[in-house]
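Below you'll find the structure, written out as structure tokens, and then a few comments.
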Amino acid sequence: MVMIPSPCGEGEGTVAAGVAERGAGDDRGMASTFQRGKVQLVFGAMDADGDGALRETDFDALAGRWASIRAAGDAERLTAIMHGWWITLAERSRDPESVTLDDVLTVVDLLGQMPDAVDATAEAMFDAIDEDGDDRISPAEYQRMIEAWNGSPTDTAVIFARLDADGDGTVSRTEFIRHWREFWAGDDPTAPGTHVFGTPPTA
Ligand SMILES: [Ca+2]
Ligand SMILES: [Ca+2]
Numbered sequence: 001m002v003m004i005p006s007p008c009g010e011g012e013g014t015v016a017a018g019v020a021e022r023g024a025g026d027d028r029g030m031a032s033t034f035q036r037g038k039v040q041l042v043f044g045a046m047d048a049d050g051d052g053a054l055r056e057t058d059f060d061a062l063a064g065r066w067a068s069i070r071a072a073g074d075a076e077r078l079t080a081i082m083h084g085w086w087i088t089l090a091e092r093s094r095d096p097e098s099v100t101l102d103d104v105l106t107v108v109d110l111l112g113q114m115p116d117a118v119d120a121t122a123e124a125m126f127d128a129i130d131e132d133g134d135d136r137i138s139p140a141e142y143q144r145m146i147e148a149w150n151g152s153p154t155d156t157a158v159i160f161a162r163l164d165a166d167g168d169g170t171v172s173r174t175e176f177i178r179h180w181r182e183f184w185a186g187d188d189p190t191a192p193g194t195h196v197f198g199t200p201p202t203a
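Reminder that position 15 of the sequence shown reads as 15 in the UniProt record's numbering, one-by-one numbering, no gaps.
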């Protein structure tokens, strides 16, 4: 835990308190311009009507889009996973009914100190993407996830080849978790994990 000395010399704040204390004029926080572009990519794909705010219905709609193009027939499980994302973001949002890009970045700022939470999300996402449960993400399984996110046909062949670090034709659980950590908590434009959801404009 990082202690923040108070001006009067007694008491201290946690990192979370420090984030909460940052004023409205200091919303960009610790996220770099590059990290912002990366998160913007995910945010923009989920913000279907483009009004700059995510609502609970956006998360349900994404789960529905994804379930509709899968063979797995597990719409309830996908809805539960996406609802978990919504709860995590909404409870840290200024407005509990809608989440802005700055709200998401506030959470992203904290992820570097929450490795267990990041890994838990990676495991849940891996299990969701792996429709046939063979503990491998195939190119087709990956493409369906991305197309659900984007809501449109997307060529994922080049990105998939980068994510498949050992070149065996699939993305293993180990490979995926490493990329997921890089995407949410890393700041390296050249890392394959940067491209989990596509290529940010600044990479
Ligand atoms: Ca699979
Ligand atoms: Ca592989």
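Just so you know, even glycine gets a beta-carbon here, dropped at the ideal spot from N, CA and C.
The structure displayed is predicted, hence computed values, not measured ones.
- Judged by DSSP in its simplified three-state form, Arg136 adopts strand.
- CA-to-CA, the gap between Ala120 and Ala191 works out to about 21 Å.
- Residue state for Ser98 is assigned as strand, using DSSP reduced to three classes.
- In the DSSP assignment, Ser172 forms a beta bridge with Arg136.
- Straight through space, the alpha carbons of Asp130 and Arg77 are spaced by roughly 13 Å.
- For Glu56, the enclosing alpha helix (DSSP H) has its first and last residue at 56-68.
- Per the coordinates, the alpha-carbon of Glu147 lies some 13 Å from the alpha-carbon of Leu41.
- Judged by DSSP secondary structure, Phe43 falls within the alpha helix (DSSP H) whose first and last residues are 33-46.
- Burial check for Asp155: the Cβ neighbour count within 10 Å stays below 16, so the residue is exposed.
- Taking a contact as a CB-CB distance under 8 Å, the pair Arg144 and Arg70 counts as one, their CB atoms being some 6 Å apart.
- Shortest gap from the CB of Asp119 to any heavy atom of ligand 2: 8 Å or more.
- Rounded to whole angstroms, the separation of the alpha carbons of Asp116 and Glu182 is 14 Å.
- Look at Met82 here: in three-state DSSP terms it is helix.
- Counting C-beta pairs closer than 8 Å gives fewer than three between the region 86-103 and the region 170-181, which falls short of the contact rule.
- Counting every other CB atom within 10 Å of its CB across the protein chains shown gives Val158 a total below 16, marking it as exposed.
- For Met125, the enclosing alpha helix (DSSP H) stretches over residues 115-129.
- Residues Ala45 of the same chain have their beta carbon placed closer than 7 Å to that of Asn150, with the five preceding and five following residues left out of the count.
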